[in-house]
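Colleague: Got a structure for you, written out below as structure tokens; questions coming shortly.
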Amino acid sequence: MNAPSITTSSAQSPAGTTRFDLAAAVKDSAKAALITLGLSIPILAYKTDQSGADLFLTPRWGLVAIFCAIVFGLRLALHAFTASRSYRKALPDPHQATEAVHAEPSAYQKVSKFGIPFFLGIALTFPILIYLIQGGLNESRYWVDLGILILTYVMLGWGLNIVVGLAGLLDLGYVAFYAVGAYSYALLSTTFGLSFWICLPLAGILAAFWGMILGFPVLRLRGDYLAIVTLAFGEIIRLVLINWVDLTNGGAGISSIPRATFFGLPFTAGEGGFAATFGLEFNGMHRMIFLYYLILALALLTNFVTMRLRKLPVGRAWEALREDEIACRSLGINTTNTKLTAFAIGAMFGGFAGSFFAVRQGFVSPESFNFLESAIILAIVVMGGMGSQIGVAIAAIVLVGGPEILRNLTFLQAVFGSGFDPNEYRLLIFGMGMVAMMVWRPRGLISEREPSVILKERKAISGSLVKEGHG
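Numbering that gives the first Met the number 0 numbers the first residue of the sequence shown as 0 and each following residue consecutively.
Right, here's the structure in full:
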């Protein structure tokens with residue numbers, strides 16, 4: 000529902016500034032609350048409780064009133080924010096066209112000098128910090144598992160960022176390469192007995208090969224048409240995994256996948272294991288901590304390769320392709336090879352992540368690689384800021400770690416009732432967050448990046464001059 004005009008012009012003001020119309024804002028907010036009330040009656044007003052064979056309707060009008068009040072307050076705050084922004088835009092800039100234009104370091108550039116090393120230090124010492132906080136290895140298992148899950152999505156986001164953020168190719172089927180990597184390791188390890196360290200590069204190569212196969216048919220496609228084809232490719236891979244029973248075992252998946260070893264040392268309790276070799280008491284958490292640092296190393300490798308490629312001619316060709324494909328061709332850049340390299344390299348990192356997923360879970364099935372996974376990975380890239388590495392990492396922490404925080408908000412049951420489960424509303428909160436991002440941060444959390452090439456001195460590039468923010 001579009002907000003009506005709640006500002007009035009002041010004729011006496013020299014700049015024709017606007018004033019906030021409180022009555023109109025309250026009226027519109029009340030309308031929004033009434034609409035919320037109408038929508039809440041069939042959804043929230045009653046809850047079904049079963050007692051034996053009977054169903055009872057339990058009224059929850061208090062919850063409906065809370066939601067209506069929240070909508071009323073948020074709508075009123077939106078009007079106030081819009082009015083204040085219109086007022087600021089109406090005021091003339093006293094420094095406009097009177098000072099020399101120069102580029103000062105942005106807030107992101109100032110903070111990144113200290114913020115990136117700080118967060119990297121947190122990532123490197125995360126298991127140690129959790130061990131000290133929880134007071135034991137077994138007690139910290141949940142948080143180490145959560146760290147592994149977040150880092151997996153960080154790596155997937157950085158891999159997709161090459162295709163979407165740098166090359167500007169909308170890919171809705173990235174989970175297909177994730178599946179290729181997982182099944183490649185599962186089949187090679189269970190059939191031929193190959194170790195994880197041999198299967199890891201092979202999984203990346205096979206995923207890159209499938210990325211090139213996808214790239215050839217879509218060379219002439221852009222925008223929505225490209226998105227539809229990549230979406231279809233992801234679904235084709237999933238259906239092949241389900242129906243090719245002789246190879247993939249169909250919907251039953253592949254189980255008993257061999258675990259990764261520490262360069263030949265298995266994480267077992269017997270002699271020759273990791274704990275016995277280093278004189279440690281056996282604990283199953285040794286394997287989890289090893290997996291944490293393994294996915295951290297893979298994610299940092301993805302980031303390092305991406306940043307290095309961005310400064311090479313192929314990386315600058317990706318960004319030129321993203322900004323304007325016609326101008327890119329007029330400069331003599333081979334757009335065919337540029338697109339294929341973007342698809343292949345992005346798919347390779349997806350294959351690495353899929354191989355890690357298989358060795359961590361010990362079981363893979365087609366249900367793990369549905370379209371929702373592609374949507375989450377793409378949302379991470381868009382929310383973080385397309386082309387921004389640190390933005391993608393922050394978005395992965397928010398989108399993957401956020402639902403886990405909802406599981407621990409049990410104190411909300413005292414407000415909404417004993418049957419209230421905050422985790423049930425995670426998709427609603429996810430949708431509201433994406434809408435808020437489109438309204439207030441359409442370029443993502445971090446919409447500026449370092450320039451690929453610096454000539455003599457470092458200067459910021461205005462967001463109005465490029466498609467995806469600064470630099």
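Virtual Cβ for every residue (Gly too), placed ideally from N, Cα, C.
1) By alpha-carbon positions, which one of Thr81, Leu218 and Val179 ends up nearest to Gly203?
2) Taking only the alpha-carbon atoms, compute the straight-line gap between Gln388 and Ile241 and give it to the nearest angstrom.
3) His53 bridges to which residues according to DSSP?
4) Return the CA-CA distance between Pro312 and Leu295, expressed in angstroms with no decimal places.
5) Of all the options Met211, Gly51, Lys310 and Ile42, which has the alpha carbon lying nearest to the alpha carbon of Pro58?
6) Going along the chain, which residues of its own chain have a beta-carbon closer than 8 Å to the beta-carbon of Ile147, five neighbours each way excluded?
7) I want to see whether chain D comes within less than 8 Å of Ala341, judged by CB atoms only; does it?
8) Here's the rule I'm using: 16 or more other beta-carbon atoms within 10 Å means buried, otherwise exposed. How should Thr409 be labelled?
9) Under the rule that 16 or more other beta-carbon atoms within 10 Å means buried, what is Met385, buried or exposed?
10) Going by C-alpha distance, which of Gly172, Gly210 and Leu238 is nearest Pro365?
11) Please report the residue range of the alpha helix (DSSP H) in which Trp243 lies.
12) Thinking just about the alpha-carbon of each residue, which of Leu225, Phe195, Phe176 and Tyr224 is nearest to the one in Gly233?
13) Please give the ranges of any alpha helix (DSSP H) in the region 131-164, keeping only runs that are unbroken, at least 4 residues long and fully inside the region.
14) If we count Cβ pairs, one from each stretch, closer than 8 Å, do we get three or more for the region 192-200 versus the region 322-341?
15) Pick out the complete alpha helix (DSSP H) segments inside the region 391-432, 4 residues or longer, and give them in chain order.
16) Can you list, in chain order, the residues of its chain whose CB lies under 6 Å from that of Ala357, leaving out five sequence neighbours each side?
17) Buried or exposed: which applies to Ile393, given that a residue is buried once 16 or more other Cβ atoms fall within 10 Å of its Cβ?
18) Quick one: any contact between the region 321-340 and the region 153-170, if contact means 3 or more CB pairs under 8 Å?
19) Who are the Cβ neighbours of Thr189 in its own chain at under 8 Å, not counting the five residues just before and after it?
20) Do Ala346 and Ala206 come within 8 Å of each other at the CB atom, strictly closer than that value?
21) Would the beta-carbon of Trp157 fall within 8 Å of that of Phe429?
22) Using CA coordinates, which residue listed in Asn407, Ser39 and Met431 is at the minimum distance from Asp420?
23) Restricting to Cα atoms, I'd like to know which of Phe66, Trp142 and Met382 is closest to Arg442.
24) So, at 6 Å on beta carbons, what are the nonlocal neighbours of Gly390 in its own chain, with the 5 sequence-adjacent residues on each side left out?
25) State the DSSP-derived secondary structure class of Tyr45, mapped to helix, strand or coil.
26) Using only alpha-carbon positions, find the residue among Ser39, Ala79 and Leu73 that is nearest to Gly61.
27) Inspect the beta-carbon positions of Gly400 and Ile132 and report whether they are closer than 8 Å.
28) Would you kindly report the start and end of the unbroken alpha helix (DSSP H) that includes Arg221?
29) Spatial neighbours of Glu372 within its chain, please: CB distance less than 8 Å, with the 5 preceding and 5 following residues excluded, ordered by chain position.
30) For Pro257, does the three-state DSSP call read helix, strand or coil?
31) Does Ile344 pass the burial test, meaning 16 or more other C-beta atoms within 10 Å, or should it be called exposed?
32) So Phe266 packs on His285, CB below 8 Å; how close in whole Å?
33) Helix, strand or coil for Leu119, going by three-state DSSP, please let me know.
34) Could you check the C-alpha separation between Gly249 and Leu213 for me, to the nearest Å?
35) Quick one: what's Pro58 bridged to in DSSP?
36) For Leu330, which of helix, strand or coil comes out of DSSP?
Modeller: Answer, in terms of the structure:
1) Val179
2) 34 Å
3) Before going further, note that residue 53 is Asp rather than His in the sequence given. Ser50, per the DSSP bridge assignment.
4) 28 Å
5) Ile42
6) Met287, Leu290, Tyr291, Ile294 and Arg359
7) Given the protein chain composition of this structure (a single chain), no chain D is represented.
8) exposed
9) buried
10) Leu238
11) Per DSSP, Trp243 belongs to no alpha helix (DSSP H) and is neither H nor E.
12) Phe176
13) 140-160
14) no
15) 412-415
16) Ala181, Tyr184, Ala185, Ile256 and Val363
17) buried
18) yes
19) Ile253, Ser255, Ile256 and Pro257
20) yes
21) no
22) Asn407
23) Met382
24) Gly383, Gly384, Gly443, Leu444 and Ile445
25) strand
26) Ser39
27) no
28) Neither: Arg221 is in no alpha helix (DSSP H) and is coded neither H nor E.
29) Val174 and Tyr177
30) coil
31) buried
32) 6 Å
33) helix
34) 23 Å
35) Tyr45
36) coil
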